[in-house]
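Everything on this sheet refers to the single structure shown next.
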Amino acid sequence: MPTKHQTKGYEVMNTTNNPEENNNSEQNSVDRRKFLQLAASGAAALVGSNTTMNAQQAGPPSAGLAGNDAGALAPVRAGSDFMLDVMKSLGFDYVAANPGSSYRSLHESTINYGMNRNPELLTCLHEEAAVAMAHGYFKIEGKPMAVYAYGSVGLQHASMAVYSAFCDRVPVVLFVGNDTDAMKRVSRTDINHTAQDVAAIVRDFTKWDDAPASHGHFAESAVRAYKIAMTPPTLPVVLSVDKYLQELPLPEGAALRIPKLSPTLPPQGDLAAVKEIAKMLVNAEFPVLAVERAARTPAGLKYLVELAELLQAAVLDTIQRMNFPSRHPLNQVEGRGPDLSVVSEADVILALEHPLLWGVVHEGGEEGAPSRSRLKPGTKLISISSLDLFSRSNYQDFGRYQEVDMALAADAEETLPLLIEEVRRLITSERRRVFEARGAKLAAASRRRMEQNRVRATYGWDDSPISTARIAVELWSQIRNKDWSLVSRSDVLNGWPQRFWKFEKYYHHIGQSGSVAIGYSAPASVGAALANRKYGRLSINLQTDGDLMYLPGVLWTAAHHRIPMLTIMHNNRAYNTEVMQVQRIAGLHHRDIGRCRIGTAIDDPNIDYAKLAQSMGWYAEGPITDPKELGPAIRRALAVVEKGEPA
Numbered sequence: 019m020p021t022k023h024q025t026k027g028y029e030v031m032n033t034t035n036n037p038e039e040n041n042n043s044e045q046n047s048v049d050r051r052k053f054l055q056l057a058a059s060g061a062a063a064l065v066g067s068n069t070t071m072n073a074q075q076a077g078p079p080s081a082g083l084a085g086n087d088a089g090a091l092a093p094v095r096a097g098s099d100f101m102l103d104v105m106k107s108l109g110f111d112y113v114a115a116n117p118g119s120s121y122r123s124l125h126e127s128t129i130n131y132g133m134n135r136n137p138e139l140l141t142c143l144h145e146e147a148a149v150a151m152a153h154g155y156f157k158i159e160g161k162p163m164a165v166y167a168y169g170s171v172g173l174q175h176a177s178m179a180v181y182s183a184f185c186d187r188v189p190v191v192l193f194v195g196n197d198t199d200a201m202k203r204v205s206r207t208d209i210n211h212t213a214q215d216v217a218a219i220v221r222d223f224t225k226w227d228d229a230p231a232s233h234g235h236f237a238e239s240a241v242r243a244y245k246i247a248m249t250p251p252t253l254p255v256v257l258s259v260d261k262y263l264q265e266l267p268l269p270e271g272a273a274l275r276i277p278k279l280s281p282t283l284p285p286q287g288d289l290a291a292v293k294e295i296a297k298m299l300v301n302a303e304f305p306v307l308a309v310e311r312a313a314r315t316p317a318g319l320k321y322l323v324e325l326a327e328l329l330q331a332a333v334l335d336t337i338q339r340m341n342f343p344s345r346h347p348l349n350q351v352e353g354r355g356p357d358l359s360v361v362s363e364a365d366v367i368l369a370l371e372h373p374l375l376w377g378v379v380h381e382g383g384e385e386g387a388p389s390r391s392r393l394k395p396g397t398k399l400i401s402i403s404s405l406d407l408f409s410r411s412n413y414q415d416f417g418r419y420q421e422v423d424m425a426l427a428a429d430a431e432e433t434l435p436l437l438i439e440e441v442r443r444l445i446t447s448e449r450r451r452v453f454e455a456r457g458a459k460l461a462a463a464s465r466r467r468m469e470q471n472r473v474r475a476t477y478g479w480d481d482s483p484i485s486t487a488r489i490a491v492e493l494w495s496q497i498r499n500k501d502w503s504l505v506s507r508s509d510v511l512n513g514w515p516q517r518f519w520k521f522e523k524y525y526h527h528i529g530q531s532g533s534v535a536i537g538y539s540a541p542a543s544v545g546a547a548l549a550n551r552k553y554g555r556l557s558i559n560l561q562t563d564g565d566l567m568y569l570p571g572v573l574w575t576a577a578h579h580r581i582p583m584l585t586i587m588h589n590n591r592a593y594n595t596e597v598m599q600v601q602r603i604a605g606l607h608h609r610d611i612g613r614c615r616i617g618t619a620i621d622d623p624n625i626d627y628a629k630l631a632q633s634m635g636w637y638a639e640g641p642i643t644d645p646k647e648l649g650p651a652i653r654r655a656l657a658v659v660e661k662g663e664p665a
């Protein structure tokens with residue numbers, strides 16, 4: 019829970035560098051000495067006495083001030099100091115940012131007034147990386163990371179990662195600096211990097227935004243934003259923070275108050291409806307649980323296992339979250355997703371936080387082709403989802419409309435304990451015997467899939483390039499007895515980790531990107547690895563080549579902040595999904611499929627990812643083409659990671 023923060027005094031530094039403004043020399047020709055004199059006299063005129071804020075008191079200023087031009091100055095209590103106090107009250111451990119002048123005062127308050135602790139500033143080389151790091155961090159830690167963004171240009175850079183978080187139902191709290199007052203926009207930089215309604219850039223794929231007009235307004239809106247973001251369905255929120263409101267000194271005697279955060283309890287399903295659902299599940303001959311983002315927390319994983327085992331029901335897990343153990347005999351997973359063949363046997367399907375139920379119960383239908391229902395006549399469909407409580411119009415990530423027999427607008431994880439209790443109450447000894455027979459059938463199917471996968475994994479075992487199955491098995495043999503966490507996408511390496519690794523704990527994988535977009539995995543992996551660091555877990559990133567090249571600078575961020583993680587590059591030297599898409603169209607058009615690597619290949623020259631990583635401060639080897647060299651290379655890299663460094 020957030021704790022009260024006692025404010026501290028800070029120093030006004032007498033040296034400033036704002037490269038964006040300095041580059042516009044025709045508009046900003048003040049030389050350094052004159053600027054320092056102006057800054058010193060301006061600060062001296064503004065300083066009266068330390069400002070008190072509702073049970074908070076400033077500490078004494080430090081003795082040493084940098085520079086010789088202006089001399090020692092009394093500390094100024096800036097609006098951004100109070101804003102930081104608000105952030106501290108919300109319990110942010112980190113704030114990720116690429117530097118920008120529109121939030122320069124928040125930046126300075128974070129590192130000097132807040133002493134760069136709770137939140138600690140994470141230096142990112144791109145705003146998209148900052149938001150994607152926050153995305154991955156939440157899926158391990160279960161609490162949001164803050165992000166600072168620089169005006170309109172910074173938020174535009176960040177927008178793709180904001181969209182991924184939106185699609186993945188992940189809360190990120192963005193503080194976007196903005197030059198609201200047109201009378202104060204002097205330089206070309208200020209003018210071009212400002213928007214009247216900056217949050218409009220991402221409003222279609224965020225849950226809420228505001229532009230506070232005062233410090234008190236900021237306090238209320240920040241607490242409100244956090245509360246909204248964390249109420250299911252959890253989603254990103256944005257606060258536009260005026261640049262000069264940040265820098266404005268607080269009036270002497272200002273009585274500013276930080277509201278108490280009162281988290282909203284997730285909505286629970288109606289008890290009468292839950293009882294009806296329990297009756298349908300217990301009386302079903304072949305119930306199926308279709309789950310997407312059902313497990314918000316480790317408790318959700320526990321509840322799903324308990325419900326499935328009570329019913330001996332088949333589980334169709336899309337692995338968008340760590341919903342269900344991968345090797346559990348009731349889990350009907352096949353590599354990159356669920357085995358939907360069991361849908362035709364179902365007489366009751368319970369969908370939990372599933373926006374794409376239409377695709378579960380139908381096959382075909384792509385690009386206007388005819389579709390066919392997988393359901394047998396009379397099958398009942400039930401949905402429990404918080405997604406019914408919130409939707410957007412423009413970005414429609416909720417799939418085709420699927421008719422259901424009962425829909426509960428409620429949080430699935432919060433509703434599961436009620437459902438489990440009712441199911442347990444209704445089970446008789448006779449029904450239990452039916453359940454056991456059903457479970458034995460599902461377990462046998464699970465064993466058959468595993469045997470088939472073992473055979474398939476041998477294909478190309480000693481080939482070069484190295485097979486994805488071999489990479490997954492070689493790595494698993496060395497991490498299986500460690501406390502590990504897969505921090506990249508859960509369906510990587512053609513799904514071989516899902517087939518062979520034992521995903522059992524909530525942090526064993528973090529799901530997928532939400533938007534199915536490129537550029538997510540590398541920064542999200544770093545954010546998740548940061549969250550794992552304090553627990554001493556081994557973070558594993560199975561990284562694809564095209565994805566890394568969107569945001570390679572995140573490698574530097576990991577090294578700079580001493581974030582240990584093991585990355586194995588799956589380097590196929592192409593955007594291979596797009597290769598296959600173009601080949602498919604070429605086939606439809608009766609044309610040469612051999613030319614389909616034009617515009618999709620990542621070669622000529624080949625990228626040396628080992629040298630790239632080394633240049634960013636990582637231990638790296640490769641490229642490795644001989645499968646016999648893979649195991650020893652993994653062993654050497656693990657030794658580096660276990661010393662606290664990235665490899």
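Counting in the numbering used here, the sequence shown runs from 19 upward without gaps. Where a beta carbon is used, it is the ideal one built from N, C-alpha and C, also for glycine.
Do the stretch 423–439 and the stretch 450–463 meet, that is, are 3 or more Cβ pairs less than 8 Å apart?
-> Of all C-beta pairs linking the stretch 423–439 to the stretch 450–463, fewer than three are shorter than 8 Å, placing the two stretches out of contact.
Considering only C-alpha positions, which residue in the set GLU492, LEU348, GLN330, VAL510 is nearest to ARG451?
-> Within the sequence shown, the letter at position 433 stands for residue 451. In this structure, GLN330 is the residue among GLU492, LEU348, GLN330, VAL510 with its C-alpha nearest to the C-alpha of ARG451.
With a threshold of 16 other CB atoms inside 10 Å of the CB of HIS233, please say whether the residue is buried or exposed.
-> For the purposes of this step, residue 233 is taken as residue 215 along the sequence shown, with counting starting at 1. Buried, since its Cβ has 16 or more Cβ neighbours within 10 Å.
Integer Cβ distance of SER182 from TYR538, believed to fall under 8 Å | The count along the sequence shown starts at 1 and reaches residue 182 at position 164. The count along the sequence shown starts at 1 and reaches residue 538 at position 520. Taking a contact as a CB-CB distance under 8 Å, the pair SER182 and TYR538 counts as one, their CB atoms being some 5 Å apart.
In chain order, what residues of the same chain lie with their CB nearer than 7 Å to the CB of ALA302, ignoring the 5 residues before and after it?
-> Within the sequence shown, numbered from 1, the residue matching residue 302 stands at position 284. Closer than 7 Å at Cβ, skipping near neighbours: ASP365, VAL366.
Kindly list the residues whose CB is nearer than 6 Å to the CB of PHE110, restricted to its own chain and excluding five residues on each side of it in sequence; keep chain order.
-> Here the question's residue 110 lines up with position 92 in the sequence shown. Answer for PHE110: PRO137, ALA164, listed in chain order.
Is it true that the stretch 394–414 meets the stretch 371–382, where meeting means three or more beta-carbon pairs spaced less than 8 Å apart?
-> Flag = yes, the stretch 394–414 and the stretch 371–382 touch.
If we count the other Cβ atoms within 10 Å of its Cβ and call it buried at 16 or more, is GLU384 buried or exposed?
-> What you label residue 384 is simply residue 366 of the sequence shown in a count that begins at 1. Exposed, since its Cβ has fewer than 16 Cβ neighbours within 10 Å.
Cβ neighbours of ALA229 in the same chain (closer than 6 Å, five flanking residues each side left out) = Residue numbering aside, residue 229 sits at position 211 when the sequence shown is read from its first letter. So the qualifying residues of the chain are SER258.
From the DSSP output, read off the bridge partner residues of TRP574.
-> Looking up residue 574 in the sequence shown gives position 556. Bridge partners of TRP574: none, in fact.
How long is the line joining the alpha carbons of GLU159 and ILE337, rounded to whole angstroms?
-> Position 141 of the sequence shown holds residue 159. Position 319 of the sequence shown holds residue 337. Here the alpha carbons of ILE337 and GLU159 stand approximately 18 Å from one another.
Can the beta-carbon of GLY154 be found less than 8 Å from the beta-carbon of SER543?
-> Here residue 154 corresponds to residue number 136 of the sequence shown, with the count starting at 1. Here residue 543 corresponds to residue number 525 of the sequence shown, with the count starting at 1. It is a contact, given that the beta carbons lie within the stated cut-off.
Coil, strand or helix - LYS398 by DSSP | What you label residue 398 is simply residue 380 of the sequence shown in a count that begins at 1. Strand.
Cβ-Cβ separation, PRO347 to SER464 (assumed contact under 8 Å), whole Å = Locating residue 464 in the sequence shown gives position 446, counting from the first residue. Locating residue 347 in the sequence shown gives position 329, counting from the first residue. That pair is a contact at about 5 Å.
Buried or exposed: which applies to PRO189, given that a residue is buried once 16 or more other Cβ atoms fall within 10 Å of its Cβ?
-> Locating residue 189 in the sequence shown gives position 171, where the first residue counts as 1. Classification for PRO189: buried.
If you draw a straight line from the alpha carbon of ASP222 to that of MET248, how long is it in whole angstroms?
-> Against the sequence shown, residue 222 aligns to sequence position 204. Against the sequence shown, residue 248 aligns to sequence position 230. Those two C-alpha atoms are separated by around 18 Å.
What do you reckon, are the CB atoms on ASP199 and TYR262 nearer than 8 Å?
-> Reading the sequence shown from its first residue, position 181 is the one you call residue 199. Reading the sequence shown from its first residue, position 244 is the one you call residue 262. Yes, Cβ-Cβ distance for ASP199 and TYR262 is below 8 Å.
Counted within 10 angstroms of its Cβ, other Cβ atoms place VAL204 as buried (16 or more) or exposed | Here residue 204 refers to the residue found at position 186 of the sequence shown. When all chains shown are included, VAL204 counts as exposed.
PHE518 beta carbon less than 8 Å from that of LYS225 = Taking the first residue of the sequence shown as 1, we reach residue 225 at position 207. Taking the first residue of the sequence shown as 1, we reach residue 518 at position 500. Cβ atoms of LYS225 and PHE518: not closer than 8 Å.
Which of helix, strand or coil does DSSP assign to GLU568?
-> Your numbering for residue 568 matches position 550 in the sequence shown. It should be noted that the sequence gives Tyr, not Glu, for residue 568. Residue state for TYR568 is assigned as coil, using DSSP reduced to three classes.
In the DSSP assignment, find the alpha helix (DSSP H) that holds ASN594 and state where it starts and stops.
-> Start at 1 with the first residue of the sequence shown, and residue 594 comes out as number 576. First-last of the alpha helix (DSSP H) with ASN594: 594–606.
Over the uninterrupted alpha helix (DSSP H) stretch that includes ASP222, give me the two end residues.
-> The residue you call residue 222 lines up with position 204 of the sequence shown. Counting along the chain, ASP222 sits inside no alpha helix (DSSP H), nor does DSSP assign it H or E at all.
Same chain only: Cβ atoms within 7 Å of PRO277, ignoring 5 sequence neighbours per side = If you number the sequence shown from 1, residue 277 lands on position 259. Counting only Cβ-Cβ distances below 7 Å, and skipping sequence neighbours, we find ALA237, GLU238, VAL241.
In the structure shown, what three-state DSSP assignment does HIS380 receive?
-> As a working mapping, residue 380 is identified with position 362 in the sequence shown. Shown here, HIS380 sits in a strand according to DSSP, grouped into three states.
From LYS661, GLU421, MET598, residue whose alpha carbon lies closest to that of ASP749 = Nothing can be reported for residue 749: it is not among the residues displayed for the chain, which extend from 19 to 665.
Keeping to the same chain, check which residues put their C-beta closer than 6 Å to that of GLU371; ignore five residues upstream and five downstream.
-> Sequence index remark: in the sequence shown, residue 371 carries index 353 (1-based). Sequence-distant partners of GLU371 (beyond 5 residues in either direction) whose C-beta falls short of 6 Å from its own C-beta, in its chain, are GLU310, ARG311, ALA312, SER403, ALA430.
Starting from HIS588, follow its DSSP beta bridges and name the residues at the other end.
-> One-based indexing of the sequence shown puts residue 588 at position 570. In the DSSP output, where bridge partners are listed per residue, HIS588 has THR562.
Is ALA631 closer than 8 Å to LEU671 when the C-beta atoms are compared?
-> An answer regarding residue 671 cannot be provided, because it is not within the stretch 19 to 665 covered by the chain.
CB ILE244 to CB LEU139, shorter than 8 Å?
-> Taking the first residue of the sequence shown as 1, we reach residue 244 at position 226. Taking the first residue of the sequence shown as 1, we reach residue 139 at position 121. Residue identity differs from the one stated: residue 244 is Tyr in this sequence, not Ile. For TYR244 and LEU139, no; Cβs fall outside 8 Å.
With DSSP run on the structure shown, which of helix, strand or coil describes HIS153?
-> In the sequence shown, the residue the question calls residue 153 occupies position 135. The three-state reading of DSSP puts HIS153 in helix, counting H, G and I together.
Residues sharing a beta bridge with PHE193, DSSP = On the sequence shown, residue 193 is found 175 positions in, with the first residue counted as 1. Paired residue(s): TYR166, LEU257.
What three-state label does DSSP hand ILE611 in the structure shown?
-> Locating residue 611 in the sequence shown gives position 593, counting from the first residue. DSSP, read as helix, strand or coil, puts ILE611 in helix.
Quick one, which of PRO541, ALA540, ILE497, ASP563 has its alpha-carbon nearest PHE521's?
-> Taking the sequence shown and counting its residues from 1, the one referred to as residue 521 is at position 503. Closest option to PHE521, Cα to Cα, is ILE497.
PRO305 - containing alpha helix (DSSP H), residue span = Along the sequence shown, one-based indexing puts residue 305 at 287. Careful: PRO305 lies outside any alpha helix (DSSP H), inside the beta strand (DSSP E) at 305–309.
Ends of the beta strand (DSSP E) at ARG390?
-> Start at 1 with the first residue of the sequence shown, and residue 390 comes out as number 372. Counting along the chain, the beta strand (DSSP E) containing ARG390 begins and ends at 389–391.
In whole angstroms, what is the alpha-carbon distance linking ALA218 and LEU253?
-> For this step, residue 218 is matched to residue 200 along the sequence shown. For this step, residue 253 is matched to residue 235 along the sequence shown. For ALA218 and LEU253, the distance between alpha carbons rounds to 16 Å.
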